[in-house]
Each structure stands twice: as C-alpha cells, then as structure tokens.
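Protein chains in written order, with our numbering: chain A, 147 to 474; chain B, 3 to 323; chain C, 903 to 1192. Note that the Cβ used here is the ideal one computed from N, Cα and C, for glycine as well. Bear in mind the structure is a predicted one, so any value in this text is a computation, not a measurement. Reviewing the structure listed below.
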Amino acid sequence: MTDQPLLAVRDLRTHFHTFSGTVKAVDGVSFEIGQGEVMGLVGESGGGKSVVGFSILGLIDSPGKIEAGEILLDGKNLVAASEAELRKVRGREISMVFQDPMTSLNPLHSVGRQMDEVLRLHTDLDAKARQAACVEMLESVGISRAAERLKAYPHQFSGGMRQRVVIAIALLARPRLIIADEPTTALDVTIQSQILKLMRAQIAEKGASMILITHDLAVVSEMADHITVLYCGKVVERGRTRDLINAPSHPYTRGLIDSIPDTVNRHDRLSQIPGTVPDIRNLPKGCNFRDRCPRAQALCAEVEPQLEPQHGTLSSACHFPLKPGEAA
Amino acid sequence: MLGYLLKRLIQMTLVLWVVSVIVFLMMSFTGDPVFMVVPIDASDAEIAQARRLLGLDDSLPVQYWKFLTSLLQGDFGRSYVFRQPAMTLILERMPATVELVLVAMALAIAVAIPLGVYAGANPQSRISRVIMAGSLLGISLPGFWIGMVLIYLFAVHWGIFPSSGRGDTVEIFGIRLSILTWDGWTHIVLPAVTLSLATMAIILRITRAGMMEVGRQDFMKFARAKGATRGDVLYKHGLKNALIPVVTIFGLQLGDLIAFATITETIFSWPGMGKLLIDSIYRADRPVIVVYLMLVALIFVVINFLVDVIYMLIDPRIRLK
Amino acid sequence: MTGFLASEFFHNYRRSASAIIGSALMAAFAFAVLAGPFLVAQDPYDIASLNLMDSYKPPVWLPGGDPQFWLGTDGQGRDVWASILYGARISLFIGLVAMVASCTIGTLLGLIAGFYGGIVDSVIMRIADIQLSFPSILIALFLMSAVGTGVDKVLIALTAVGWVVYARTVRGSTLSEIEKEYVQAAKVAGLPNHKIIRKHVLPNVLTPLIVIATIQVGTFVLIEASLSFLGVGVPITQPSLGLLIKNGFDVLFSGLWWTSVFPGVAIMMLVFGINLFGDFLRDELNPRLK
C-alpha cells in the first residue's frame, strides 16, 4: 500500500433516526483502498453495506445522517465538503454502479442523453467530442452499433445491456474509484460473470480502484484484492482475499464461506448460518453475532470484541477467533 | 397505431351513444315540455296539436329513434325560449366559456407546477407545509363562495374589477375574444381566479405526489451520483416523470373546469354556455340542455383521447406498444 | 386501548398538526350538529320566533350590531349563527347518508364485479368508466335538473355519482385478493361464496375505503352546496349551508355580506377539517409510502 491511500474511511457512523428507534446502519467502519485496488465489502442484506457506499458520495438522505467519522479522498475529508464540492467528486472522482439496472436509468431519457450528461457536467468537450466519447465507451463495454444505440431508450435494452450502459456511464469521466453496489445481483446468472469480467477488465485498463459491495463471497473472491466483512454495521473481519477465503478467523466469515454453493470449498453439504441478523435498532450488549455463533461463550455476551490482528493479513473482532485449519 | 386509433374511435362513438340514451331517457321523465311552447290560455286541442308537433305522442323507442336520427343529421331542435336553433345558441356562447376555462387552466398550471415541484422536493420544509395547507384549503372551498367573496371585495368594496359580464371583445376569424382587450382582461380576472383555485390545488397536489414518488426512484439517486445539480435532478430527471400522472389529471381537470364554469358563469353573469345551461334548466328548455350535454360529452371524449396521445408523446415506453 | 395509545398510528397522530386540527374541526361540527338547537335561543325556521325589526343586523363588532346576534341577521331577522347551526345539520346529514349509501352500493357492486367477473363485471365497469369520464358535479346537476329539488333527490344524485369510486377500488382489491392462496384454499374447502367474501375478501379491502369515505363526505358537502346554490338542490324549507349562501348572494351587492360569507366559512372549515384528517389517514394507511 502507498503512503497515502486513495480513499480512507475512518470510524464512519451513519445512523437513521426513525420512529421505532435509531438504526445504526454503519457504526464505526474503517478501511482503506489504494490506487488500482479492488476491495470487496461483504455482508448479509441489511448489514449496512450500501449505506457505506452512499455515505462516501454524500448521498445519505433524511432521516439518515453521517454522525461521525472521516472519508478522506487523497486526504481531503468528504464528510466536511460542501454540496458543490461533492458534486465535483461525484461521477468525476468517484462514480457508482447501482444494483438494479432496470431502475437506475431514467426511463424517459435516451441512453445517449444520460451518458452525455456526465461529460457535460465534468468535461469541457464539445458536443461532437462528447458524442464520440460516448460511442467509444459504449463499444468498450460490449455494445455493438453504439452510435445508433445512443438514441435508444432504456426499455429497449435487456437487463444485462442496461447494466453495461450503467457501467459505461460510471466509467465515462475516468473516475479513480468506482463503487459497485451489488452490480450483478439483479441479473441472470449467465450474464453475471460477463458483467464481472467486463468490470474487472475496464478497471484494470483504466487503472481505477473499486469497492465491490456484495453479499456474495464467491463474487468478491474472484475480483477483490482485499475483503472487508460487515456485520450489523461494524467491521468484523478484514484482510487479503486469499488469506480470508482460505482461513478466515471470524466465525461469521467462516459461515459465509461455507454457504457458498460452489466447488471452492469441497464440503459434503452446504451449510447455512443459523438464525437471522438481529434487530439493528435494538442490539444487545456484547458481540452482535453471538446468538448465531457456534463458538460463543459467556464473555461474548458481556464484552464487545474489537478488531485485532490475527494470523496472516487478517484482523477480526472475535474473542475466540479461528486458527488456520480449524473448523467453526 | 391505426388499429389503436380505430379502436378508440369505436369506443368514443359507443360512449356518445350511451350518453345519448341516458340524456334522452332522463329528459323524457322531466316535466312536460309541451307547456313550454303553448300559450298559458291554450285550449286542449291546441295542446294536443303542439304535442303532436313535438312528437310527444310517439312511443319512447320511436321518440328515441327520431331523436337520434335528427341528432345525426345535425338537427338539434329549437330552443323553446329563444325560438332559435339550440346549437346556434350554444355555439354563440361557447367561445366565452372556452376562453374562461383556458385562462383558468393556464393560471392553475402556472402557479401549481412550480409550487408542487418545490413541495415535492422539500417535503419537510416549512414553506412546503404552508403550500400544502393552502392547497388543501383550495379544495375545501366552495368555488361559488370564493367567487362571491371576490365580488364583494374587489367589485363592491374596493371597486377594482367589474363584478359581472364579459368586457369588450375583438372578433378574430369570426370568434369573439375578450382576452385581447384591456377591458376584457379586467372582466375575466375574477371569474378565472375563482374557477382556477380548485384545479390549481389538485394539480399542485398531484405534482407534489409525483415528485415525491419519483424522488424515491433509483435513477434520481443515480443522477445525483453522476454529479448533477439538485435543480437538474429535479427538473430534468424528476419533473418529466412526475408529469405523467399530471397529464391524466389535466384532462379530468379540463372537464371539471367546463363543468364548474356553469357555476362561475352564473355568479359572474359571464355570457357562456354554462350560464345558458343553468338558465335553460330553470326554464326547462329541453333542446338546449340536450345539445349542451351532447356537446360537452363530445368535448370530454375528445379530451380523453388527446390526453392518451399526449401520454404517448411523453413516455417512450408506451409508444412502442 | 393501551395498545392503540402506544401504536405508531397514535404516535403519528399526536405529532401531526393537520390530523389534530382536522379531527378537532370534525369534532366541533359533530358537537354543533348534535347540540345545535340547545346552543341558540332561536329556531330559525319557526316564523313566530322571527322579528322583522331585527332584519339585516350586522355582526356584533360592527356599528349597529346586536349582542343577541353575534354574526348578524338576514332579511327576515333570522340569526345567521342559528341558521348556520341548523344548515350544517342538513349539509352534514346529506354528506354522511349519501356517503354510506354510495359506499354500500359501490362496495357491493365492486365485490360482485370482482368476484364473479364475466359479463356482470364488464357491464358494471363500463358504466363506471363512462361515468368517470364526466365530472361528478355535471352528472349531479343533470340528474337534479331532471328530478327537481329535495333532500331525498340530492341523496339519490350524490349516490349515483359516488358509488363508482368504491366499486372500482373494491373490484381491484377483490381481484388481487381472490388470487391469493388462502382464498383459493377456502374455495377448495367448499366455503360458500358469501362467507368467503365476508370473512376473507371484505376485511382486506376495507382500509382504502376508509380514506375514500372520509374524503367523500367533504366532497359531497361541496357538491350539495353547489347544487343548492344553483337552486337545484335542497328546498327553501330545508336550507343547507349552500342554500344560505345563495340566499345571501342576492343581497351581497347591497353590502350585506355577512349572511353569505359566514355560511361559506362554515363549509370551508367543515370540509377543510375532513380533508386534513383524510389526508393524514391516507398517509398512515397507505403501506406503499412506508
């Protein structure tokens, strides 16, 4: 890692104030991403992953609020930045790919117009140059007859094609960081790997970094250099992908890996983490995972574990971490 | 596209036919129009003769058939009161009503859309709450009462605007328009404001609801993630999507304006076809009522059709189907 | 009860100014309508209690006002305040009864259309479609012009325009309910249709009806007022708020504004209260917004 990471998130706390209590969707999350790195942000639904992404871009709407923490882009704190400063970051420095390509494009504007908007906002190119750039970008994400397709409307594209358009929009202004929030979840399985390959190739080619937000460890294990695992708005484990996948130290990560239905781990039968994510408005004292954890002991109900270095490159927040080779 | 148009045309004809049946039936049950045409001291023989002349002796189906065929031949009967073709009477008064309705609609849109967008984009702000309370008051007011209050304040009390009638008119292509003269404007202000309030309130509320609905959509957040300004996100991405329900309501509201114009015209003695309808109801002038209803039904059917066309122009998703 | 007090509905109610103001206005009118005759000394429709010497007294705060008639009097010496209290009874009675009738008939037709489908459904829904493409006020005006004035006739005219919205809503909800497994299961189990409708379908379509019914009372009060203002609504002997305004309109140009302005304020407050509360109900009961 370089001296100054591209993006450093420090102790981010984003809370939602609702009638039934304060939802601490993100509660003290820290991580760093260097230039050209891909970081996987993993956890079950409702674990606060997307909120991290929106917090970075300053897109948290009422009743949500960033309560504390820093988000440093090249050392500049985005939490303290004005809306006008943030606008220059959005789409230009950091862009985002949303989960559902069916809803993230404006149904009433042509694809070309929606692509052009990014260039109009962030470059000084004239109309002709912008058009050329859009065509080139559409072609590079694998859409043929791009010049014609610019005039088409989103409903004339399939889901996979739309996601390619969304990715093209995200890449247009050559951002240094792309936040991809479950970019393939809404797509057919056959399309998923195409899109992932496309994203990896595009990012490598442009030297950009990426935060890949997903619930699917199989996806990040192929894509990411580092993985950060979130549970109930907190980081429970992080480290290099190889270390974390091969020998996780947190029982939650172990559970996630064991529930991957593929050949990476040749278990006899697929296992599943018992229970569900606890009510995030009413978290108990101690470790949030203890009710679902096979290793939980009395201490886990009393003291909340903090992130501590484990074997290899891993850190995890667990009183009774797994050693390499140890089963959960 | 052609098939669609044809289908719509058949639908429209069917609606008009149903309306003609209902109008005919209702009219047959209302009083006896023969007393409208005979002198007060008419003898029984004279009454019977008038009855025959009016075709009231025939059975209902025969009467309806005659009614329908004469409608289709463009013969809409003569007013009992004015002794003139009913259609001529209505058409003479139509420009005044259309003028009033269009000015009221323009006023409603000009005020309602910006306020609705603001209130939808800033639902929590104090100004939005005031706007919304105001709009709710707008749909809670009896329109005719507002007209009266305006007359009392601006005409009787302060004497700023005239209380009744249509001002000077200018004839353009044979249609008399008052909005081209200053005097005409001073006359139209109060009735137009009166008529527009309810519509203004409704369009405002629909615009706001549309903006709030659109505001929850991913593409609005995606537009922000691209770095678009708040104004661009609201007006370029949001408003057009929010306008789709507004367009539907727009047609309905135009219909409501024509309907409520009857009341507004009565209050302000505005010489339009709405006032003529009310006067004709008082005088049981059946042919005029019938022509008014059939004409208004035709207007509504056409408006509904146009709304669907506008719909297709706004939304590219519908165009293909 | 404690469950209700702790519920999110009640919590939001307490925090919503519009809900509180709306229900307060509705409560005030309910009280005025029930207690009206005990609140004023004069029965405005008992000719014997009127005194022509009292005619056209301005409101009490204007010169010439009489503390006995704080909102002034009309041309026959009738207390405007008393007229409003009595008129509100007629307006509200018409609004409520017409709403109940519309709701009953509309719900019934909607259930039949949705549950049985086929030709019955088509006929009912086509009628509803045609009717919906015309403004209610125009249909009511046309009906009233055909049948003449009278409280009963106003009720019929309002019901004739009011049932459609229920029929459509109920039909839509019924269609989506009978698709559901529990209804299918009840059908398979051999439960008779009327029981399926009553036990399974009806409870699930009721929520949207509450909102529609609330707001419709306000709409009906306004339509009735318009009809009466045009002289084709209630008869002179049973003056609703709308007819009071019409009567006052005739003397407005002489500067005698109070006989028409105050009844209008009463309608406005009544309908505003209903709409405020209805708005709150809609926001609370619409699960889509949560």
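How is Ala226/A classed by DSSP in three states: helix, strand or coil? Coil at Ala226/A, not helix or strand.
C-beta neighbour in chain B for Val1066/C, strict 8 Å: No, no contact with chain B.
Name, in chain order, the residues that DSSP records as bridge partners for Arg384/A. Note: Arg384/A sits in a beta bridge opposite Thr374/A and Ser461/A.
Identify each residue in the stretch 1171 to 1182 of chain C for which the Cβ-Cβ distance to at least one residue of chain B is less than 7 Å, and report them in chain order. Listed by position along the chain: Val1173, Phe1174, Asn1177, Leu1178 and Asp1181.
Touch check for the stretch 1157 to 1172 of chain C and the stretch 967 to 986 of chain C: three-plus C-beta pairs under 8 Å? The stretch 1157 to 1172 of chain C, when compared against the stretch 967 to 986 of chain C, does touch it at the 8 Å Cβ threshold.
With DSSP as the reference, label Lys323/B as helix, strand or coil. The predicted position of Lys323/B is uncertain, since its pLDDT is 43 and thus under 50; no value can be drawn from it.
I'd like to know whether the C-beta atoms of Val312/A and Phe303/A end up nearer to each other than 8 Å. No. Outside cutoff.
Top-ranked residue by Cα proximity to Glu101/B, from Arg232/B, Met314/B and Thr183/B: The residue with the shortest Cα to Cα distance from Glu101/B is Thr183/B.
Tell whether a beta-carbon distance below 8 Å holds between Ser355/A and Gln181/A. Against a cut-off of 8 Å, the Cβ pair of Gln181/A and Ser355/A comes out as a contact.
How many angstroms separate the CA atom of Lys274/A from the CA atom of Val281/A? So the alpha carbons of these two residues sit roughly 11 Å apart.
Where Met147/A falls: helix, strand or coil (DSSP): Here the model assigns Met147/A a pLDDT of 44, short of 50, so the residue's position is not dependable, and the following value carries that caveat. In the three-state reduction of the DSSP assignment, Met147/A falls in the coil class, being assigned neither a helical nor a strand state.
List the residues of chain A whose Cβ lies closer than 9 Å to the Cβ of Asn243/B, in chain order. Near Asn243/B (Cβ distances below 9 Å), the residues of chain A are Asn252, Pro253 and Leu254.
Rounded distance between the beta-carbons of Ile205/B and Ile111/B, thought under 8 Å: The Cβ separation is near 6 Å, so the contact holds.
To be precise: take each residue of the stretch 198 to 216 of chain B, compare its Cβ to all Cβ atoms of chain C, and keep it if any distance is under 8 Å. Which residues remain? Contact residues of the stretch 198 to 216 of chain B toward chain C are absent (C-beta to C-beta distance below 8 Å).
Contact with chain C by Asp141/B, beta-carbon distance below 8 Å: In the sequence as presented, Asp is not what sits at residue 141/B; that position holds Ile. Closer than 8 Å to the CB of Ile141/B there is at least one CB belonging to chain C.
Spell out whether any CB of chain B is found under 8 Å from the CB atom of Leu267/A. With its beta carbon less than 8 Å from one in chain B, Leu267/A belongs to the interface.
For Lys234/A, go through chain B and note every residue whose CB falls closer than 9 Å to its CB, in chain order. Within 9 Å of the CB of Lys234/A, the CB atoms of chain B belong to Gly229, in sequence order along the chain.
Let's see if you can read the secondary structure: which residues bound the alpha helix (DSSP H) around His189/B? Going by DSSP, His189/B is part of the alpha helix (DSSP H) stretching over Trp184 to Gly217.
Please report how far the alpha carbon of Gly432/A lies from the alpha carbon of Glu239/A, in whole angstroms. Those two C-alpha atoms are separated by around 39 Å.
If we call anything under 8 Å between Cβ atoms a contact, is Leu153/A one with Ile179/A? It is a contact, given that the beta carbons lie within the stated cut-off.
Which residues, in chain order, does the stretch 959 to 973 of chain C contribute to contact with chain B at a C-beta distance below 7 Å? Of all residues in the stretch 959 to 973 of chain C, none has a Cβ within less than 7 Å of some Cβ in chain B.
List the residues that DSSP assigns as beta-bridge partners of His161/A. The secondary-structure analysis by DSSP pairs His161/A across a beta bridge with Lys211/A.
Through-space distance from Asp1181/C to Leu1108/C, alpha-carbon basis: So the two alpha carbons sit approximately 17 Å from each other.
Start and end residues, alpha helix (DSSP H) containing Phe911/C: Unbroken alpha helix (DSSP H) run through Phe911/C: Glu910 to Arg917.
Taking all protein chains shown into account, decide if Leu460/A is buried (16 or more other Cβ within 10 angstroms of its Cβ) or exposed. Result: buried.
Using a Cβ-Cβ distance under 8 Å, would Lys277/B count as near chain A? So, not an interface residue.
Taking a contact to mean a Cβ-Cβ separation below 8 Å, would you say Ser1142/C touches Ile992/C in this structure? Taking 8 Å as the Cβ cut-off, Ser1142/C and Ile992/C qualify as a contacting pair.
My output table needs one value for Thr1121/C: the three-state DSSP class, helix, strand or coil. Helix, per DSSP.
What do you reckon, are the CB atoms on Ala370/A and Met185/A nearer than 8 Å? Contact: yes.
Helix, strand or coil for Glu216/A, going by three-state DSSP, please let me know. For Glu216/A, the three-state secondary structure derived from DSSP is strand.
Expressed to the nearest angstrom, what Euclidean distance is found between the alpha-carbon atoms of Gln970/C and Ile148/B? A direct Cα-Cα distance of roughly 28 Å separates Gln970/C from Ile148/B.
CA-to-CA distance, Phe200/A to Leu358/A, given in whole angstroms: A direct Cα-Cα distance of roughly 13 Å separates Leu358/A from Phe200/A.
Counting only Cβ pairs nearer than 9 Å, list the residues of chain C close to Thr268/B. The contacting residues are Phe1131 and Leu1132.
Whole alpha helix (DSSP H) elements within the stretch 320 to 356 of chain A, 4-residue minimum: As summarised for the stretch 320 to 356 of chain A, the continuous alpha helix (DSSP H) elements at least 4 residues long and confined to that stretch are 335 to 352, given in chain order.
Would Arg388/A and Thr374/A be called neighbours here (beta carbons separated by less than 8 Å)? No, Cβ-Cβ distance for Arg388/A and Thr374/A is not below 8 Å.
Taking Met107/B and Leu256/B to be in contact with their CB atoms under 8 Å, please state how far apart those CB atoms are, rounded to whole angstroms. Right, their Cβ atoms sit about 6 Å apart.
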